[in-house]
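Accompanying notes for the structure given below.
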Amino acid sequence: MASPPDPLGPSANQARHTYVADGRPVGFFTDPTVCIGCKACEVACKEWNHVPEDGRVWTGHSYDNTGSLGASTWRHVKFQELGRRLGPQVAGPMTGEAERAFGWLFLSDVCKHCENAGCLEACPTGAILRTEVSSVYVQDDVCNGCGYCVVGCPFGVIDRRPAPLPGAGGAFKCTFCYDRQMGGLTPACAKACPTESIHFGPLDELRARAEQRVAALQARGFADAQVYNPVDTSVGGIHAFFLLLGPPEEFGLPPRPEVPTVYLRGAWISAAMTSTLAVLGACLALALF
Amino acid sequence: MPTPSDHGFEARLDALREEARRTGAVAEHGMAITGGPIPPAATAPSAYYGQPIVKAPVWTWQVGLYFFVGGTAGMSGVIALAGLVTGQPLAFVRAALGLAFAGALVSPALLIADLGRPTRFLNMLRVFKWRSAMSMGVWTLVAFSAFATCAFLLAAAFPLLTRAGVPPAALRALLFVSIAGAAGFGAVLATYTGVLLGATAVPVWSAHHRLLPFHFGVVALGSASAALELLGFRMAALQAIGLTVAAVETAVGAWIELTRRDAEARALTHGEAGLLLRTAGVCTGPATLVLRLAGWIPIAAVCFLLGAVLSRYGWLHAGRASARDPEETLAAQGAGRE
């Protein structure tokens with residue numbers, strides 16, 4: 005049976021590419037409206053990247069037992085249970101009572117590969133760099149585990165891996181499958197995604213695709229459909245962006261993330277003034293008394 | 002969550018039985034289970050299941066101590082320069098340099114011990130990055146350690162070198178340059194730690210990115226002065242520094258208590274961090290002020306130093322609590338403010 009043609013055109017998820025050689029910025033566009041919560045992306049990521057098991061816990065948060073992104077979790081499917089209807093969805097009456105609105109959404113979260121990346125700015129060793137495809141990459145053999153990138157990330161993505169896991173002490177996060185991309189392959193999560201909720205491709209194409217998708221959803225009654233891509237903050241946009249139904253807070257995404265370097269100017273001015281005051285004050289005290 | 006020993010819950014069961022017996026049905030839906038399939042709309046979590054939005058710092062206990070030791074050593078360099086410029090006895094300058102030198106020895110050890118991979122400490126010295134406060138701090142520490150060591154050794158060997166025939170004018174010039182370097186980089190060493198915390202995604206730190214360098218610097222100056230007093234230098238100038246610093250800290254504490262009561266700064270006044278910071282605030286502020294005015298200088302000095310240590314740990318704890326609290330992150334980003 006032939007599937008109906010995709011109005012947005014075929015995705016690049018299964019194709020080989022030369023983006024690294026071409027130096028073309030790429031990204032992820034993750035669309036929760038077609039995510040089925042299968043977690044194939046999480047498994048694919050762990051297997052390809054040899055990310056160690058970091059504990060098995062029952063969180064009690066719906067079917068999300070992954071918890072959060074971190075040093076050993078680079079894809080994280082969030083399960084959001086909403087006490088409201090999604091768009092024109094019809095919820096049937098339950099046990100004879102009045103209808104109780106209920107919506108379910110799954111969102112595969114990932115490192116955002118920010119335009120102005122807090123982790124990259126914070127790194128004092130040069131271990132974190134920007135690749136040819138404009139992704140943010142941690143060189144594990146350079147990282148000395150100072151931990152400053154951990155507090156530099158406005159999205160809570162990167163973390164230091166605790167002992168006794170392999171590579172303990174270093175900072176880890178999504179590599180955007182840089183190794184696969186160098187070989188012309190799609191990142192493991194996008195390749196494994198059965199519904200193409202995770203789109204991989206050149207940034208400009210993905211942005212156009214996201215706009216089209218939002219327009220299509222809004223036309224179908226999903227009035228709160230929006231693209232989450234904080235371009236108007238100091239982060240300057242993200243290369244792994246999302247479609248959301250509802251506010252970003254519901255998915256644990258910061259509504260107005262700032263790259264922490266915006267605080268440097270004020271902080272250094274304060275430090276310089278305090279330093280000057282301290283020198284003058286000490287001289288004054290010892291001269292007068 | 003009710004427990005079997007909860008008498009209130011037993012009463013609740015009695016009420017349910019009574020309602021069922023009387024009306025033949027129970028109208029309520031029961032308790033809302035976190036993450037249950039049908040959450041009541043009113044209790045739907047604002048953030049994702051109350052999970053943190055940003056990561057808490059992974060730094061270990063060495064960092065708080067480093068902030069204290071590095072700050073005290075740095076400001077000791079400043080006091081050494083002030084002593085040299087104002088013509089204090091060489092013993093005073095030497096004592097201040099001794100503190101700076103001791104700090105220059107201990108600080109790198111603490112900093113390296115905190116790294117996830119300590120053997121790669123030198124990787125920090127292959128890069129110079131204006132936009133990383135961590136990188137700038139490391140280079141500041143390197144420069145301070147070099148100048149402080151140089152100044153301490155020169156001051157210690159001053160009589161020996163003069164007797165060996167080195168012209169005193171040249172020695173004096175060299176000593177001045179090294180002490181000036183130790184003072185300059187020392188002052189930055191004592192304040193950059195505030196920049197380090199301020200330029201992060203941790204809401205309570207970034208919300209105070211202007212206060213922190215000032216606060217840490219002032220406390221460091223007070224610590225250096227108090228440490229010199231404990232070494233036996235009872236000087237009116239040190240008392241003046243001590244009183245001024247305690248007065249400033251009293252004002253900072255009062256400002257936090259009076260104006261920083263919103264969700265954005267909840268960690269400063271709540272929980273373990275709040276307790277630490279309040280204790281530190283009392284120790285470095287009003288308590289020191291009273292003890293100094295009463296003339297109990299050594300007790301005042303010890304009280305201040307204790308408060309200075311607690312203060313650094315308090316701010317680190319507050320950062321941890323703040324990062325773990327998604328409401329603080331959202332409040333800092335103006336959610337629910339419009």
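In the order they appear, the protein sequences are chains A and B.
Take the first sequence: its letters are residues 5 to 293, numbered as in my numbering.
Take the second sequence: its letters are residues 2 to 339, numbered as in my numbering.
Just so you know, even glycine gets a beta-carbon here, dropped at the ideal spot from N, CA and C.
In whole angstroms, give me the CA-to-CA distance for residue i and residue j.
i: M76(B); j: A183(B); result: 9 Å
i: A241(B); j: R293(B); result: 10 Å
i: G250(A); j: G187(A); result: 38 Å
i: V154(A); j: S179(B); result: 36 Å
i: A33(B); j: S146(B); result: Caution is warranted here: a pLDDT of 48 is assigned to A33(B), below 50, making its placement in the model unreliable, and the coordinate value is therefore given only provisionally. Those two C-alpha atoms are separated by around 59 Å.
i: G223(B); j: P166(A); result: 37 Å
i: E51(A); j: D58(A); result: 13 Å
i: F245(A); j: A48(B); result: 19 Å
i: Y152(A); j: G27(A); result: 29 Å
i: G171(A); j: G74(A); result: 14 Å
i: A114(B); j: V303(B); result: 27 Å
i: G130(A); j: G275(B); result: 36 Å
i: L197(B); j: L116(B); result: 15 Å
i: V189(B); j: H210(B); result: 15 Å
i: N87(A); j: S72(A); result: The sequence shown places Gly at residue 87(A), not Asn. About 22 Å.
i: D123(B); j: Q143(A); result: Asp is not the amino acid found at residue 123(B); the sequence shown has Leu there. Looking at the two C-alpha atoms, the distance is approximately 16 Å.
i: T341(B); j: L14(B); result: The shown model of chain B, from 2 to 339, leaves out residue 341(B), and the question about it has no answer.
i: A96(B); j: L229(B); result: 7 Å
i: V55(A); j: V114(A); result: 14 Å
Under 7 Å Cβ-Cβ, which residues of chain A neighbour residue i?
i: Y398(B); result: Nothing can be reported for residue 398(B), as the shown portion of chain B is limited to 2 through 339.
i: A210(B); result: The question names Ala, yet the displayed sequence has His at residue 210(B). Per Cβ cutoff of 7 Å: Y267, G270 and A271.
Can you have a look at residue i and say buried or exposed, based on whether 16 or more other CB atoms are within 10 angstroms of its CB?
i: R60(A); result: exposed
i: V30(A); result: buried
i: L232(B); result: exposed
i: V220(B); result: buried
i: V310(B); result: buried
i: L292(A); result: exposed
i: D263(B); result: exposed
i: P160(B); result: exposed
i: P14(A); result: exposed
i: Q89(B); result: buried
i: E254(A); result: buried
i: G166(B); result: exposed
i: P8(A); result: Reliability of the predicted coordinates at P8(A) is poor, the pLDDT of 49 falling under 50, and the value obtained from them is presented with this limitation in mind. Under this definition P8(A) is an exposed residue.
i: A19(A); result: exposed
How is residue i classed by DSSP in three states: helix, strand or coil?
i: R88(A); result: coil
i: T87(B); result: coil
i: V164(A); result: Note on identity: in this sequence residue 164(A) is Arg, with Val being the wrong assignment. DSSP places R164(A) in strand when its eight states are reduced to three.
i: K50(A); result: helix
i: W108(A); result: strand
i: P214(B); result: helix
i: K116(A); result: coil
i: I34(B); result: For I34(B), the pLDDT reaches just 49, beneath the cut-off of 50, and the residue's location in the model is therefore unreliable, although a value from the coordinates is still provided. I34(B) falls in the coil class under three-state DSSP.
i: Y23(A); result: helix
i: T270(B); result: coil
i: S7(A); result: Per-residue confidence for S7(A) stands at a pLDDT of 49, beneath the threshold of 50, marking its modelled position as unreliable; the derived number appears in the next sentence. Coil at S7(A), not helix or strand.
i: D183(A); result: helix
i: T77(A); result: strand
i: F159(A); result: coil
i: V107(B); result: helix
i: Q334(B); result: coil
i: I80(B); result: helix
i: P119(B); result: helix
Which residues of chain B have a Cβ atom closer than 9 Å to the Cβ of residue i, listed in chain order?
i: G91(A); result: Going along chain B, no residue has its Cβ under 9 Å from G91(A), so there is no contact; the nearest lies around 17 Å.
Going along chain A, which residues have a C-beta under 9 Å from residue i?
i: V189(B); result: A275, A276 and S279
i: T260(B); result: Neighbours of T260(B) on chain A: none; closest Cβ ~17 Å, over 9 Å.
Find the residues of chain B that neighbour residue i, judging by a C-beta separation of less than 8 Å, and give them in chain order.
i: F245(A); result: Here the premise fails: no neighbours, minimum Cβ distance about 17 Å.
Since residue i meets chain A, which of its residues come closer than 8 Å, beta carbon to beta carbon?
i: R127(B); result: T129 and G130
Along chain B, in chain order, which residues have C-beta atoms closer than 7 Å to that of residue i?
i: C287(A); result: A83, V86 and T87
**Q.** chain A contacts from the region 46-74 of chain B (Cβ-Cβ distance under 7 Å)
**A.** S47, A48, Y49, Y50, Q52, P53, I54, V55, K56, P58, V59 and W60
Q: Could you list the residues in the region 63-81 of chain A with a C-beta less than 7 Å from some C-beta on chain B, going in chain order?
A: G64, H65, S66 and S72
Q: Taking only beta carbons into account, state which residues of the region 139-150 of chain A come closer than 8 Å to chain B, listed in chain order.
A: V146, C147, N148, G149 and C150
Q | chain A contacts from the region 111-123 of chain B (Cβ-Cβ distance under 7 Å) | A | Answer in chain order: L116, G117, R118, R121 and F122.
Q.
Against chain D, which members of the region 215-242 of chain B pass a CB distance test of less than 9 Å?
A. In summary, chain D is missing from the structure at hand, where the protein chains are A and B.
Q | Contact set between the region 286-315 of chain B and chain A, restricted to residues whose Cβ is under 9 Å from the partner | A | none
Q | Contact list for the region 153-166 of chain A against chain B, Cβ threshold 7 Å | A | V154, V155, G156, C157, P158, G160, D163 and R164
Q. What are the residues of the region 82-106 of chain B that lie near chain A, defined by any Cβ-Cβ distance shorter than 8 Å?
A. Residues passing the 8 Å Cβ filter: L82, A83, G84, V86, T87 and Q89.
Q: Could you run through the region 159-178 of chain B and flag, in chain order, every residue whose CB is less than 9 Å away from some CB of chain A?
A: none
(Q) Please identify, using Cβ separations under 8 Å, the residues of the region 322-336 of chain B that lie next to chain A, in order along the chain. (A) A324, P327, T330, L331, Q334, G335 and A336
Q: Return the residues of the region 110-129 of chain A that lie within a Cβ-Cβ distance of less than 8 Å from chain B, sorted by chain order.
A: G122, E125, A126, C127, P128 and T129
Q | Contact list for the region 204-229 of chain A against chain B, Cβ threshold 7 Å | A | none
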